[in-house]
Amino acid sequence: MSTVYQVSDVCKVYKNNIHALKNISLTIRQGEILGLIGVNGSGKTTLSSIIAGLIPATSGSIMHNDKPIYKNLSEYKRLIGLCPQKLNLDNRITVKENLINDGLFFGFTYDESVDKFNSLSEKLMLGKYEDSYPAVLSGGYKQRVAIARALMHNPKLVIFDEPTLGLDPNVRKNLWDIILNLKKEGISVLLTTHYMDEVEYLSDRICILHNGEMQFLGKLDELKSKKEGNLEEIMVKIGEDGI
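Here the sequence shown is numbered in the UniProt record's numbering, starting from 1 and rising by one per residue.
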């Protein structure tokens with residue numbers, strides 16, 4: 001897999017000299033699922049927001065295909081699909097109308113937006129719920145809609161923030177299959193989650209943050225060769241004494 005995104009020596013310092021990220025460097029490859037894990041306050045949200053182009057880094061660089069993202073940030077953002085924890089849709093219009101509006105926002109024609117929605121609705125099995133209002137959807141279907149929304153503009157990287165939080169096991173598994181299908185289509189995925197089984201099942205590589213510092217970047221087998229125990233036990237040990 002070729003490297004598509006390159007994060008180099010990224011730091012983020014907030015007011016009162018709070019160092020949220022300290023010299024983070026990583027790559028995201030085409031068609032790769034990179035799991036981003038760490039305890040609350042480790043810097044996961046800050047890092048994913050910087051990669052998404054939502055907030056600037058204090059220092060360091062983020063490159064896409066060897067070009068700085070800040071050179072044409074608006075164009076770069078068109079390559080990113082965001083799948084947040086909470087689905088922010090207009091409850092006054094249907095799911096279908098919401099997503100078609102998203103397509104129009106990104107510059108697609110009405111017919112193109114309808115075609116894209118129909119394709120995603122079939123792929124994500126939205127079915128009878130496409131003409132429902134967002135407020136009546138179950139947690140699992142809200143996440144399906146969130147994924148559809150993230151894919152409406154044909155992104156190259158999809159960033160998931162706790163995609164299966166609070167969902168039933170069978171619903172979680174269905175969403176895992178959807179995420180794996182993105183990989184098969186050559187779409188890169190940055191996955192932030194607290195579920196260690198989710199990381200193990202989905203991720204090609206994992207990145208572990210702790211107190212704004214990168215503790216590990218690589219395959220799970222490499223991590224287990226350095227630390228004994230399952231991933232949850234390893235995370236506890238990292239919190240205590242690092243890698």
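Glycine included, each C-beta is placed from N, C-alpha and C at the ideal position.
For clarity, every value in this text was computed on a predicted model and none was experimentally measured.
By the Cβ neighbour-count rule, Asp102 is buried, with 16 or more other Cβ atoms within 10 Å of its own.
The beta carbon of Val39 is closer than 8 Å to those of His210, Met235, Gly239 in its chain, skipping five residues each way along the sequence. For Gly140, the enclosing alpha helix (DSSP H) has its first and last residue at 139-151.
Within its own chain, the residues whose Cβ lies closer than 8 Å to the Cβ of Ser48, once the five positions on either side in sequence are excluded, are Leu36, Ile159, Asp161, Leu190, Thr192, listed in chain order. The residues Leu99, Asp102, in chain order, have a CB closer than 7 Å to that of Arg149 in the same chain once the five nearest residues on each side in sequence are set aside.
For the segment 154-203, the continuous beta strand (DSSP E) assignments of 3+ residues that do not extend past its boundaries occur at 157-161, 188-192, in sequence order. Taking C-alpha positions only, Phe105 is separated from Asp66 by approximately 27 Å. Boundaries for Glu130: no beta strand (DSSP E) harbours it, and the DSSP string shows neither H nor E there. For Lys44, the number of other beta carbons within 10 angstroms of its own is at least 16, and it is reported as buried. Taking C-alpha positions only, Asp111 is separated from Met125 by approximately 21 Å. Collapsing the DSSP output to three states places Phe216 in a strand. Non-local beta-carbon contacts of Asp204 in its own chain, meaning distances under 6 Å to residues more than five positions away in sequence, involve Glu32, Ile33 in chain order.
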